[in-house]
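Novice:
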Amino acid sequence: MPRTAPAAASTCPCGLPSPYEKCCDRYHAGAAAPTAEALMRSRYTAFVRRDAGYLLRTWHPDTRPPGIDFDAAPAWTGLEVLETTEGTSFHQQGTVTFRACYRDGGRAGSLHERSRFARVGGAWVYVDGDFIE
116 MPRTAPAAAS TCPCGLPSPY EKCCDRYHAG AAAPTAEALM RSRYTAFVRR DAGYLLRTWH
176 PDTRPPGIDF DAAPAWTGLE VLETTEGTSF HQQGTVTFRA CYRDGGRAGS LHERSRFARV
236 GGAWVYVDGD FIE
């Protein structure tokens, strides 16, 4: 599915104050995320934008699913990064704990996860995560 650009004045879905075009768009267009947290934020934005190609490209080959079905996916409404450990240019792995809010059938909810990331070929990829609560 092709990516669609939001209105230029809107902030990026990842929660940072920049517009999408100056934030996660560069990663979706092919630039490598410099940290595990930047990758996690860009992946959240890819879920919001339903960009399956990016999600699959940034998933560890050992844990990557064959595809992503957005048909029953909730509407993601906000992201809060709670904790980041390691995951910088000095590390080979890292974790990001976050809470992602959503609406599903008019009902509000949240997903609380501690995600694991690793470097593969020098690039950060999502490995897996544990749900919290």
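Be aware that the sequence shown starts at 116, since it is given in this note's numbering, and climbs by one per residue.
Heads up, the beta-carbon is just placed ideally off N, CA and C, and yes, glycines get one too.
Going by DSSP, what residue range makes up the alpha helix (DSSP H) through Y159?
Specialist: From DSSP, the alpha helix (DSSP H) with Y159 extends over A151 to R164.
Novice: Whole angstroms are fine: how far does the CA of G221 sit from the CA of V242?
Specialist: So the two alpha carbons sit approximately 31 Å from each other.
Novice: Residues in its own chain within less than 6 Å of A120 by CB, not counting five upstream and five downstream?
Specialist: Low local confidence applies: a pLDDT of 44 at A120 is under 50, so the model's placement there is unreliable, with the coordinate-based value given in what follows. So no residue of the chain qualifies.
Novice: For the ligand FMN, any of its heavy atoms closer than 6 Å to the Cβ of S157?
Specialist: You won't find the ligand FMN in this model; it holds no ligand whatsoever.
Novice: Who does T125 pair with in a DSSP beta bridge?
Specialist: The question names Thr, but residue 125 in the sequence shown is Ser. The partner list for S125 (beta bridge, DSSP) is empty, contrary to what the question assumes.
Novice: If you pair each beta-carbon of the region 189-203 with each one of the region 145-161, do three or more pairs fall below 8 Å?
Specialist: With the cut-off at 8 Å, the region 189-203 and the region 145-161 touch.
Novice: Can you list, in chain order, the stretches of the beta strand (DSSP E) that have 3 or more residues and sit fully within the region 155-232?
Specialist: Qualifying beta strand (DSSP E) stretches, in chain order: 190-201 and 208-219.
Novice: When you compare only the Cα positions, how much space is there between A146 and V240?
Specialist: Distance between the alpha carbons of A146 and V240 is about 13 Å.
Novice: Have a look at T150 and S125 and give me their C-alpha separation to the nearest angstrom.
Specialist: Taking the straight line joining both Cα atoms gives about 24 Å.
Novice: Look up G244 in the DSSP assignment and give the residues it is bridged to.
Specialist: The partner list for G244 (beta bridge, DSSP) reads S230.
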